[in-house]
Every structure is written in structure tokens, then in C-alpha cells.
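The numbering of the sequence shown is the UniProt record's numbering, which starts it at 1 and goes up by one.
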Amino acid sequence: MMSSTAPILQVHDLVTAFDTDAGRMTAVDGVSFDVPRGKTLGIVGESGCGKSVTAFSITRLLPQPHGKILGGRIEFEGKDLVTLPHEDMRNLRGNDISMIFQEPMTALNPVQTVGKQLAEAILLHEDANLDTVRARCLEMMKKVRIPAAEQRLNEYPHQLSGGMRQRVMIAMALINTPKLLIADEPTTALDVTVQAQILDLIKDLQSDLGMSVILITHDLGVIAEVCDEVAVMYAGRIVERASVYDLFANPRHAYTRGLLDSIPKLDSTPKTKLKAIPGNVPSIADFKPGCRFAERSGREHTLQELGTRPAFVEIAPNHLVENCPVCVS
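(1) What's the C-alpha gap between P7 and R73?
(2) Let's test the definition: count the other Cβ atoms within 10 Å of the Cβ of P317 and tell me whether it reaches 16, buried, or not, exposed.
(3) Considering only their Cβ atoms, is the gap separating I216 from K39 smaller than 8 Å?
(4) Can you tell which of G94, E120, M233, K142 has the C-alpha that lies nearest to the C-alpha of V44?
(5) Can you grab the Cα-Cα spacing for the pair G115 / G71, in whole Å?
(6) Taking the DSSP output, what are the residues bridged to K79?
(7) Anyone know if the C-beta pair for I170 and V144 falls short of 8 Å?
(8) In terms of residue numbering, what span does the beta strand (DSSP E) encompassing S98 cover?
(9) Under the three-state reduction of DSSP, which class applies to residue 392: helix, strand or coil?
(10) In chain order, what residues of the same chain lie with their CB nearer than 7 Å to the CB of K203, ignoring the 5 residues before and after it?
(11) Would you mind working out which of D184, L201, R241 sits nearest M164, comparing C-alpha positions?
(12) Quick test of your reading: Q117 and L108, contact by CB under 8 Å. State the CB separation rounded to the nearest angstrom.
(13) Do you know how far the Cα of E139 is from the Cα of Q151?
(14) Taking 8 Å as the cut-off, does the segment 285-301 touch the segment 243-256 (at least 3 CB pairs, one atom from each stretch)?
(15) Could you tell me whether the segment 206-215 touches the segment 175-190, using the rule of 3 or more Cβ pairs below 8 Å?
(16) In terms of residue numbering, what span does the alpha helix (DSSP H) encompassing H319 cover?
(17) Ignore the nearest five residues each way along the sequence and tell me which others in R93's own chain have a CB closer than 6 Å to its CB.
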């Protein structure tokens with residue numbers, strides 16, 4: 001029996017790869033983290049760092065037949081999701097573990113009403129009469145603060161605004177009261193006002209339902225607003241992990257500092273230039289065995305530092321970092 005204080009999700013040395021025409025490419029390389037019960041873990045990093053692949057690994061939604069989990073464990077309440085039979089995983093997904101996808105317009109079925117899609121999420125996991133199902137759908141639509149909820153149940157996705165569609169996605173993810181919600185860039189393509197509303201909604205619903213959340217984003221402002229802990233991901237690896245307060249107050253890895261320096265400051269003058277991290281995230285085909293931030297760090301690395309993976313160590317209580325001696329201070 002699981003302890004009530006044990007993390008709801010524990011990921012150990014996860015390795016995920018894709019088979020391509022150019023050979024096997026490792027997208028997630030030895031990633032480890034815990035998600036405490038009732039808390040929010042943020043996974044932050046630039047596009048191409050492996051954040052979404054990590055989420056798809058947890059939910060076993062990797063593109064098939066090319067995506068493969070090659071190693072590690074993903075323990076959800078004591079069950080290893082990597083080895084869980086397909087049917088058991090299907091029962092878990094959308095029930096105890098739910099996901100909000102990046103783009104609601106493509107995630108929702110354009111030829112089915114909102115109500116039908118919400119009902120399907122219920123009926124996949126339990127037998128219930130249609131009146132009960134409709135009542136639950138209506139209740140959840142109201143809970144995610146969709147106005148004229150009864151009318152919206154009969155509408156199609158194209159009849160809703162981007163913010164409304166995202167609220168429908170949240171309703172669909174939460175309709176079976178999951179224990180863990182994975183939100184993959186839930187505010188992408190929404191304007192700033194709607195972004196704030198969606199983040200407030202997720203926080204309020206988390207508090208009401210007592211669920212744990214993994215929030216995937218490239219925006220450290222979102223992390224500061226919503227999360228308890230944060231994992232900084234770069235080129236398929238986690239390079240730093242800490243509480244949100246510790247990470248913002250005392251970032252130790254050069255990549256984390258670069259991300260923080262690129263955020264506009266409230267006290268900066270209008271013409272202040274933002275600091276940008278030079279270069280781009282390397283292609284998956286160009287991932288190196290050693291420090292993967294070396295080329296963008298602006299600091300000279302030895303051949304050993306480029307060829308040997310840095311250890312992931314605890315440098316302060318509950319503050320872990322990929323300990324490249326050049327990039328960590």
C-alpha cells in the first residue's frame with residue numbers, strides 16, 4: 001500500500017527514443033523527477049528540449065511504431081507504467097491520469113459537439129445512463145467557467161473562441177477526477193488576459209480536486225505563477241531541479257541563468273535590450289555525450305567535459321543540478 005506522503009509519480013532514468021531513417025535518436029536521456037501529491041511540478045525549457053516527449057512517455061502516447069521507451073521506470077502509485085499491460089494503461093489514461101494537449105483546435109474533434117466529446121470521456125471508463133452523463137458534463141462545463149454552458153454542449157469546436165476551447169479541453173481532462181493532470185503548454189496561442197484566466201482556473205481546480213499537476217511550458221513567468229517545484233530541461237536532460245523559490249533566488253546552471261536573464265524586468269527602461277541565449281537547442285541528431293550546453297555557454301570546455309556526462313547531484317537541500325564544472329556556479 002502506498003504511503004499518503006509518497007510522491008504520486010516517480011520517474012527514474014527515463015530514456016525515450018525514436019527510430020528514424022537516419023537511425024535511432026534519443027529524445028529523453030536519463031530523466032528523473034518526482035511529483036508530490038497535491039503539488040505542481042513545472043517542466044520548463046526551450047522548444048525541442050524533450051518536455052512533450054516526457055509527457056507522452058508518461059501517458060504512453062508516443063507516436064507508433066517509431067517512439068520507444070528504452071529504459072527507466074515511471075511509477076504511478078507504485079505501478080510501473082512502462083511495463084503496464086496496454087489495456088490497464090488505457091483504463092488509467094483519461095481516468096487517474098489526464099492530459100491537456102497544446103492546441104485545442106486540433107485536439108478536439110471538429111465534427112462532434114462539445115457535449116458528445118465530454119460524454120465519450122466518461123463512457124470510456126464507466127457505464128452510466130445518458131441523463132447522468134449529461135448532468136456531469138454540464139456540471140464540469142460550469143466548473144471551468146464556461147458561460148451559457150447548456151448551450152455550449154450542443155456547439156461544435158469551431159463555434160468557440162480559443163479560450164473557450166481550452167476550457168473544454170480542461171473540462172474533458174478533469175471530468176473523471178484524475179489524480180494527476182499533465183498540462184502541455186495549456187496557454188499556447190492564447191492572449192495574455194486569457195492565459196491568466198486559464199492559469200487561475202487550473203490552480204483553483206487543483207485546490208478543489210486535490211490533484212497533482214505537471215505543467216509543461218517554455219515560460220518562466222507561468223512557472224512562477226503556478227508551480228511549487230520546477231525541473232529545467234535542456235537537450236533531453238534535466239539540468240536543474242529545485243523549488244520555484246530556490247530556482248529563482250539561486251539558479252546554479254548556466255542554462256537556467258540564461259532563461260531567467262531573458263525575461264523582461266519590471267524596473268527596466270523601455271529601450272533595454274533583452275539578453276538572449278546565443279544559438280539554438282541542438283538537433284536530436286547532434287546531442288553530445290557530455291555537457292550539451294557547452295556550445296551556447298560562451299565558456300571553454302575540455303574534451304573530457306564534452307565527452308563525459310556530468311553527474312546529477314544535490315548541491316543544496318532539495319536543489320539538484322547537472323554538475324558540469326564549467327556551467328555550474
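Beta carbons: idealized from backbone N, C-alpha and C, even for Gly. All figures in this text were calculated on a predicted structure; none of them were measured in a lab.
Well, looking at it:
(1) 14 Å
(2) exposed
(3) no
(4) M233
(5) 39 Å
(6) F76
(7) yes
(8) 97-100
(9) Any answer about residue 392 is impossible in this case: the structure gives the chain only from 1 up to 329.
(10) V226
(11) L201
(12) 6 Å
(13) 13 Å
(14) yes
(15) yes
(16) No alpha helix (DSSP H) contains H319, which is instead part of the beta strand (DSSP E) from 319-322.
(17) T59
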